[in-house]
Amino acid sequence: MRQYLHHNDFGCISRCPTGCCLHVYFGNVALCLQTDELEEWRRMTAELYGKHAPLLSDPSSRCITLPGPVAYQAFVFSLEEVFLLHDLLISAGLLLEAELILASSTL
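Numbering (the numbering used here), first residue to last: 356 to 462.
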């Protein structure tokens, strides 16, 4: 059974039952990330939000792109969606960090 780390109105993040990866579901997209890739996604979404938030008058306009895994693919977001994706990534990362701290304190 999958362990859901966090969810919001935009999607959710769960851990694979074997613990090998994270499943990120947002909008119509699903990603499989290694735990160490989570930080890169957190950084990218924070940069996107910081760059576009002061410039966009309509936060629901889908005009923000993030490169996909291949050159001819991109993910398209509204400012609201970038915020919600970042919320998923930050919350899941914090829970994973807390698990590590708790596991090391019980040794």
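Glycine included, every Cβ here is placed at the ideal spot set by N, Cα and C. Keep in mind it's a predicted model, so treat the numbers as computed, not measured.
Can you name the residues that DSSP bridges to residue i?
| i | result |
| --- | --- |
| Q358 | R370 |
| P414 | P414 pairs with nothing; no bridge assigned. |
| L393 | Answer is none; L393 lacks a bridge partner. |
| F365 | Paired residues: none, contrary to the question. |
Use the C-beta contact count for residue i: other C-beta atoms within 10 angstroms, 16 or more gives buried, fewer gives exposed.
| i | result |
| --- | --- |
| G366 | buried |
| E405 | Before going on, a small fix: residue 405 reads as Gly here, not Glu. Label assigned to G405: exposed. |
| E394 | exposed |
| V437 | buried |
| L455 | exposed |
Please report the straight-line C-alpha distance between residue i and residue j, rounded to a whole angstrom.
| i | j | result |
| --- | --- | --- |
| L410 | A453 | 35 Å |
| L434 | R417 | 7 Å |
| H378 | S412 | 32 Å |
| H407 | L440 | 15 Å |
| T390 | C371 | 11 Å |
| Y427 | S415 | 24 Å |
Hey, quick one: how far does the alpha helix (DSSP H) through residue i stretch, first residue to last?
| i | result |
| --- | --- |
| T420 | Unbroken run through T420 is the beta strand (DSSP E), I419 to P422; no alpha helix (DSSP H). |
| V437 | L434 to S460 |
Examine the ligand FAD and report whether any of its heavy atoms sits within less than 8 Å of the Cβ of residue i.
| i | result |
| --- | --- |
| L457 | Absent from the structure shown: the ligand FAD. Ligands present: none. |
Under the three-state reduction of DSSP, which class applies to residue i: helix, strand or coil?
| i | result |
| --- | --- |
| Y404 | helix |
Which residue marks the beginning of the beta strand (DSSP E) containing residue i, and which one marks its end?
| i | result |
| --- | --- |
| V425 | Looking at the DSSP string, V425 is not in any beta strand (DSSP E), and its letter there is neither H nor E. |
| F381 | L377 to F381 |
Using a beta-carbon distance below 9 Å, is residue i in contact with chain B?
| i | result |
| --- | --- |
| I456 | Given the protein chain composition of this structure (a single chain), no chain B is represented. |
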